[in-house]
Amino acid sequence: MTETKITMLTIKEAAALVDGLTEYRVRQLCRSGELPTVKAGKKYLINKDNLLRFLSSTV
Numbered sequence: 040m041t042e043t044k045i046t047m048l049t050i051k052e053a054a055a056l057v058d059g060l061t062e063y064r065v066r067q068l069c070r071s072g073e074l075p076t077v078k079a080g081k082k083y084l085i086n087k088d089n090l091l092r093f094l095s096s097t098v
């Protein structure tokens, strides 16, 4: 049986992953719904694969 590991990132981690992407911009994308997220309490959690797919589609 193959397990798929899902990596979730905070806004800070997502911004640190990509040069030139600020925490402010990531937060804007989360709030607007452009970037799919899961909300855990007050924090947005972003699936790493979704983030990379989103960034590659906007180039």
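So the number in my numbering is just where the residue sits in the sequence shown, counting from 1, plus 39. Quick reminder that beta carbons are idealized off the backbone N, C-alpha and C, glycines included. As the structure is a computational prediction, the values presented were derived from the model and not from experiment.
Best match in 58, 64, 46 for proximity to residue 77 [C-alpha to C-alpha]: Taking each of 58, 64, 46 in turn and checking the Cα distance to residue 77, the smallest one comes out for 46.
With distance defined between alpha-carbon atoms, name the residue in 55, 56, 49 nearest to residue 80. 49
Where residue 65 sits in the DSSP three-state scheme: In the three-state scheme derived from DSSP, where H, G and I count as helix and E and B as strand, residue 65 is classed as helix.
Under the DSSP definition of a beta bridge, which residues are partnered with residue 86? In DSSP, residue 86 forms a bridge with 47.
Less than 8 Å between the beta carbons of residue 94 and residue 65, yes or no? no
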